[in-house]
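Participant:
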Ligand code: BG6
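In this note's numbering, the protein residues as written are 225 to 733.
#1: Within 10 Å of its beta-carbon, does residue 764 have 16 or more other beta-carbons around it, so buried, or fewer, so exposed?
#2: DSSP beta-bridge partners for residue 703?
#3: Consider the C-beta atom of residue 722 and the heavy atoms of the ligand BG6; say whether any pair is separated by less than 8 Å.
#4: CA-CA distance, residue 277 and residue 694?
#5: Can you tell me where the beta strand (DSSP E) with residue 423 in it begins and where it stops?
#6: Does DSSP put residue 480 in a helix, in a strand, or in coil?
#7: Compute the Euclidean distance between the alpha carbons of residue 383 and residue 552, then round it to the nearest angstrom.
#8: Considering residue 676, what are the terminal residues of the beta strand (DSSP E) in which it resides?
#9: Counting pairs of beta carbons, one from the stretch 399–414 and one from the stretch 635–654, are three or more of them closer than 8 Å?
#10: Is the stretch 527–546 in contact with the stretch 686–704, if contact means three or more CB pairs nearer than 8 Å?
#11: Considering only heavy atoms of the ligand BG6, does any lie closer than 8 Å to the CB of residue 470?
#12: Counting pairs of beta carbons, one from the stretch 517–537 and one from the stretch 677–691, are three or more of them closer than 8 Å?
#13: Which residues bound the alpha helix (DSSP H) around residue 512?
#14: Pick from 443, 256, 310: whose alpha carbon is nearest that of residue 761?
#15: Could you tell me if residue 598 is buried or exposed, where buried requires 16 or more neighbouring beta carbons within 10 angstroms of its beta carbon?
#16: Please confirm whether residue 465 and residue 348 have their CB atoms less than 9 Å apart.
#17: Taking residue 452 as the reference, which of 700, 241, 679 has the closest Cα?
#18: Can you name, in chain order, every residue of its own chain whose Cβ lies under 6 Å from the Cβ of residue 667, other than the five neighbours on each side?
#19: Tell me the rounded alpha-carbon separation between residue 708 and residue 235.
#20: Thinking just about the alpha-carbon of each residue, which of 341, 434, 436 is nearest to the one in residue 402?
#21: Starting from residue 361, trace the alpha helix (DSSP H) both ways and give me its first and last residue.
#22: Which residue's Cα is closest to the Cα of residue 439: 445, 517, 431?
#23: Give the secondary structure of residue 238 by DSSP, where H, G and I count as helix, E and B as strand, and everything else as coil.
#24: Give me the DSSP bridge partner(s) of residue 720.
#25: Whose C-alpha, out of 458, 311, 293, is nearest the C-alpha of residue 304?
#26: Helix or strand or just coil, what does DSSP make of residue 409?
#27: Beta-carbon within less than 7 Å of residue 229's beta-carbon, same chain only, minus the 5 sequence neighbours each way: which residues are those?
#28: Flag residue 664 as yes when its Cβ comes closer than 8 Å to any non-hydrogen atom of the ligand ADP, and as no otherwise.
#29: Quick check for students: name the residue ranges of the alpha helix (DSSP H) that lie wholly in the stretch 259–298, counting only runs of 4 or more.
#30: For residue 620, count neighbouring Cβ atoms within 10 angstroms of its own Cβ and tell me buried if that reaches 16, exposed if not.
#31: Say yes only if the C-beta of residue 658 is nearer than 8 Å to one or more non-hydrogen atoms of the ligand BG6, and no if none qualify.
#32: Expressed to the nearest angstrom, what Euclidean distance is found between the alpha-carbon atoms of residue 479 and residue 334?
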C-alpha cells in the first residue's frame, strides 16, 4: 500500500460538535489502526479560548464516547493527544491568520510535516469563502513545497445560485483538485458496496435495468427529531439536508453505468452522467410527485414527542419540511420510465437507510400465495444501516400438498464478517484525502447538477402559497399521501425495521 506522507490536519471550527463527535474520534481510530504517518499533527483553530491542554482534555472525552477504540489504554490515548494543538483566532479577521502560519511553521519543524497541510472547514458556511481567502493571503494554499488541500463540509451552497457562487469563489484560492467536498454517506462501507455488489457479480448486471426492474426505493429514515439543531435545520429542511446530497449520491451509485476503470475520474464521470440524466421536474411533477411533511406532536407508547414547531430555535409558524418524498425518473437507455422513489424524514418509526430494488413480477400468477408479496415482488434489499447487509426476497413452495408459495429470504449480514473492522465514514474519507484520493468526494459538477435538479422544488415550496405541507404524527411513516406516490395496486413502500429481514408498518413502535 502507498505510504501516507507526513502532514498536518488543520481543523477550523475545532470547538464544535463535529470535531468532538466525529473528526477527532475518527483520527484517533486511524492512529490506532496504524494509518497515520510518523510525522503527524492536528491543529484545532477556533474562536473559543482553549489551551492545548484543555483542548486535549475535551477531545479525550470525545474519543472515550465516540471512537471505535473507546477503551484504548491511557498510553495510547496520551501518545495521540500529544499530537493535538489548539489556536484561538477570530477566523473572520485576516490579520489573525499570521498566527496560523507561525504555528504551522513550529509544528512543521517539530513533527517533520514536510509542509503538507489539509485544511478542514467544520465551520458555519458563511466562512467557506472567508477562510480560504485568508489562507491564500498567507500563501498557505500554494503547493510549492508540500501539498495543500481543503475539505468542505456540507452544505455546499444553499441553492443553485449560491452553489455556483461558492464554487467560483473557492476556485480563486484553491484549484479544483485541491478541493474535497465531503458527503459522509460516500464514506460508508455499505454505500461503497453498492458499486461492488453491482460490478463484482455477473448475476445482477443483466437484471439491473428497465426490462427487469419495476421500481427502486431509497429510504433514509431517522427516529430522532431535530434535537438542538433547530436553528440550522429550520433554514435547511429535509430536501437540502438529505436529498440534494446523500440520497442523490446513493441514487447515482445504484443507477450508474460500470466505470471503464476504478479511477476517481471514471467513477465521478459515470455518476455525473446519472445526475445529468435526471428528468427535470415539470410543474405537474412538482404537484404530483413531490411531497413534503412536518412532524406534529404525538404520544408513542406512553412517551410524548413534541411537534417540530415546538422544537428549540424553530419558528412557531415554520413551513420547513422534516419529511420529503419524491418520484424521480432517469432519462437514459437503462432506466427510462423506471420510477425511483426517494424518501427521508425525521421522527419516523425507526432509523434505517436502505435501497430496495423491486423486480418485475413473473408474467403469470400460476400459484396461490401464502402471502401477498411473493408473486408480485422479488426484492433485493441493500441495507446501508443498521444491520448492514443484503437480502433477496424470493418465492418458495410451502411444504405439503398443493403449490402454495411463500416469500423467503436469502440474506447476508456484515456482522457475520466479525474478523473485519468496518471504518467509520469520516475515518475512510479523511484517510483518502490524506492520500490525495478524491474518488469518494463530490466534484463541483456533481454538486451543481444535484442543486439544479432540486432547485424547482425549492422554488415551488418557497413561492407557491398553495404548495401543501402535510403534518404527520411523530413516530409515523410520514404523511399518508406519500403512499399515493407509488404506482400500482399491489405496491407500497417497504416499512423497514431495525432488523434487515423484518418489515411492517409499526414494527418498532
Ligand atoms: C447529516 C444531516 O448530513 O446526516 C443530519 O445533516 C442527518 O440531519 C445525518 O441526521 C444522517 O447521517 P447518518 O450517517 O446518521 O445517516
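Glycine is no exception: its CB is placed at the ideal position from the N, C-alpha and C atoms.
Note that this is a predicted model, so its numbers are computed, not measured.
Facilitator: Walking through what the data contain:
#1: Here the chain comprises residues numbered 225 to 733, so residue 764 is not present and cannot be evaluated.
#2: In the DSSP output, where bridge partners are listed per residue, residue 703 has none listed.
#3: no
#4: Residue 277 and residue 694: Cα-Cα distance of roughly 50 Å.
#5: From DSSP, residue 423 is part of no beta strand (DSSP E) but of the alpha helix (DSSP H) over 413–423.
#6: coil
#7: In this structure, the straight-line span from the alpha carbon of residue 383 to that of residue 552 is close to 19 Å.
#8: In the DSSP annotation of this structure, residue 676 is not part of any beta strand (DSSP E); the continuous alpha helix (DSSP H) holding it starts and ends at 668–687.
#9: Contact annotation: the stretch 399–414 touches the stretch 635–654, with at least three C-beta pairs closer than 8 Å.
#10: yes
#11: yes
#12: no
#13: 507–512
#14: Here the chain covers residues 225 to 733 and nothing more, so residue 761 does not appear.
#15: Note that residue 598 scores 45 on pLDDT, short of 50, meaning its location in the model is unreliable and no value can be drawn from it.
#16: At the C-beta level, residue 465 and residue 348 stay beyond 9 Å of one another.
#17: 241
#18: Hits under 6 Å: 492.
#19: 46 Å
#20: 341
#21: 354–361
#22: Of 445, 517, 431, the residue nearest in Cα terms is 431.
#23: coil
#24: Bridge partners of residue 720: 727.
#25: Answer by Cα proximity: 293.
#26: Residue 409: helix per DSSP, three-state reduction.
#27: 261, 338, 340
#28: The ligand content of the structure shown is limited to the ligand BG6, which means the ligand ADP is not among them.
#29: 276–290
#30: exposed
#31: no
#32: 48 Å
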